[in-house]
Amino acid sequence: ALAIAALDPITMLPAVLVWFIALNLCAATQDIAVDGFAVSLMRGRELGPANSAQIGGFKLGNLFGGGVLLALSGTLGWSVVFVIMAGCIALALVAVLRAHEPAPPGDAVPVHTASVIRRALGQLVREPVYAVFLFAAKFGETTGGTLIKPIMVRHAWSREMIGTIDGTFGSIATILGAVLGGVLARRRGWASAMVVMSGLQGLALLSIAFYQHGTITPVGFGLLLACENFAGGGVGVAVFMLAMSKCDRDIASSQFTAAQVLYMSGGAAAGPLSSAAADHLGITPLVATGGVLALLVAFVAGRWHRRIDPERSAADGPTRLEQL
81 ALAIAALDPI TMLPAVLVWF IALNLCAATQ DIAVDGFAVS LMRGRELGPA
131 NSAQIGGFKL GNLFGGGVLL ALSGTLGWSV VFVIMAGCIA LALVAVLRAH
181 EPAPPGDAVP VHTASVIRRA LGQLVREPVY AVFLFAAKFG ETTGGTLIKP
231 IMVRHAWSRE MIGTIDGTFG SIATILGAVL GGVLARRRGW ASAMVVMSGL
281 QGLALLSIAF YQHGTITPVG FGLLLACENF AGGGVGVAVF MLAMSKCDRD
331 IASSQFTAAQ VLYMSGGAAA GPLSSAAADH LGITPLVATG GVLALLVAFV
381 AGRWHRRIDP ERSAADGPTR LEQL
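Given below as structure tokens:
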């Protein structure tokens, strides 16, 4: 970040791009380390609040970096913004240096990279229901969610209004949703949290699909968007808790990373497909389809959660879902 602050983005664009790639590579590596640290500290229902903190902290960083600093960049300037970012990273480093990493089990043995990769990918191959669920969970919400910003652009709203509704209010709603998702996940497990939050997300997307078809107002659309983002925060917590609860302690970071890549691949696949289909079919049916898919994910989580996570279900015993 300090190196980027010293560069002129106009005259030194290639160097800026190289440093941006390096910065993102380091950020991705930090994510993996944080995930592994969380798994080593928390197990079972403890993961719910931990995952809330992960998603809430991520969105809080987006709100500060992509909202506050971006809004002040015209006044502060390029260099000052990146110096502030470097300061935030330094504060995080201080916290890391003061943290105490749990010691490995006494019977732990060194593992080779090839073995780690085989085990991480092998888990997804051996459990196809779990793997398909991860992919489908992100595919469904992205099918509708990726078209929300084009809706606002189509109604000729200003960039400032779009940034406020989608960036600021959306991020705040996601943080609040992650908090509620963490509470639900801790008390009732990931499946109950997924049923509630993915169900709410599906209803929000269906409401957006039909509301935007006519005359809309920023307040009305913003409330529906906040509901969708709120539910999305809870869905993320449920997915993270599911994936982390299935990790082995010795290769937890690698296993969770493999699961997260598969989960995000659902969004990467749905985005272009949904956008291309919307050009031919219109926005309304695609957003509605995303809502229906989110409702299906909620149904699958409630009906077949034991097939998605058989080991955890067996360890926890009868769930509240099955007692209803």
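Take the position in the sequence shown, starting the count at 1, then add 80; the result is the number in this note's numbering.
We put the beta carbon where it would ideally sit given N, CA and C, even for glycine.
Bear in mind the structure is a predicted one, so any value in this text is a computation, not a measurement.
How many Å lie between residue i and residue j at the Cα?
i, j, result
"ALA86", "LEU150", "18 Å"
"GLY300", "HIS293", "13 Å"
"ALA374", "SER159", "42 Å"
"MET274", "GLY312", "10 Å"
"ARG387", "ALA323", "14 Å"
"THR248", "LEU143", "6 Å"
"PHE379", "ILE231", "28 Å"
"VAL152", "THR193", "As written in the sequence, residue 152 is Leu, which differs from the Val given in the question. Going from the Cα of LEU152 to the Cα of THR193 covers about 44 Å."
"ARG400", "GLY167", "Confidence is the limiting factor: at ARG400 the pLDDT is only 37, short of 50, which leaves the residue's position unreliable, though a coordinate-based value still follows. Taking the straight line from one Cα to the other gives about 45 Å."
"ILE84", "THR295", "44 Å"
"THR254", "ALA95", "34 Å"
With H, G and I counted as helix, E and B as strand and the rest as coil, what does DSSP make of residue i?
i, result
"MET324", "helix"
"HIS360", "helix"
"ALA86", "coil"
"GLN403", "Because the pLDDT at GLN403 is just 39, under 50, the model does not fix this residue reliably, and the point stays unresolved."
"TRP158", "helix"
"ASP115", "helix"
"TRP99", "helix"
"MET344", "helix"
"ALA394", "At ALA394 the pLDDT is 44, less than 50, meaning the model places this residue with poor confidence; the figure from the coordinates comes in the next sentence. Helix."
"THR91", "coil"
"MET122", "coil"
"HIS180", "coil"
Does the Cβ of residue i lie closer than 7 Å to at least one heavy atom of the ligand GTP?
i, result
"VAL212", "The ligand GTP is not part of this structure, which contains no ligands at all."
Residue i: which of the options sits nearest, CA to CA?
i, options, result
"ASP246", "LEU304, ALA374 and ALA358", "LEU304"
"CYS106", "GLY136, GLY371, ALA81 and MET241", "ALA81"
"PRO298", "GLY362, ALA108 and ILE242", "ILE242"
"THR369", "VAL315, ARG386, PHE219 and TRP237", "PHE219"
"GLY137", "GLY116, VAL196 and VAL259", "VAL259"
"ALA350", "ALA338, ALA113 and GLY224", "GLY224"
"ALA217", "LEU171, VAL315, VAL263 and ILE252", "VAL315"
"ALA338", "VAL263, ALA211 and PRO390", "ALA211"
"VAL196", "VAL341, GLN335, LEU342 and THR295", "GLN335"
"SER132", "LEU280, GLY302, LEU264 and ALA306", "LEU264"
"ASP328", "ILE169, MET122 and ILE255", "MET122"
Is it true that the CB of residue j sits closer than 8 Å to the CB of residue i?
i, j, result
"VAL367", "ILE288", "yes"
"GLY257", "PHE310", "yes"
"ALA318", "TRP270", "yes"
"ARG268", "PRO129", "no"
For this session: Ignoring anything shorter than 4 residues or poking outside the segment 193-272, list the alpha helix (DSSP H) runs there in chain order.
Result: Residue ranges of uninterrupted alpha helix (DSSP H) with 4 or more members, entirely inside the segment 193-272 and ordered along the chain, are 193-206, 208-225, 228-234, 239-242 and 250-268.
Problem set entry | Segments assigned alpha helix (DSSP H), at least 4 residues, entirely inside the segment 284-341 | List check, alpha helix (DSSP H) in window: 298-325.
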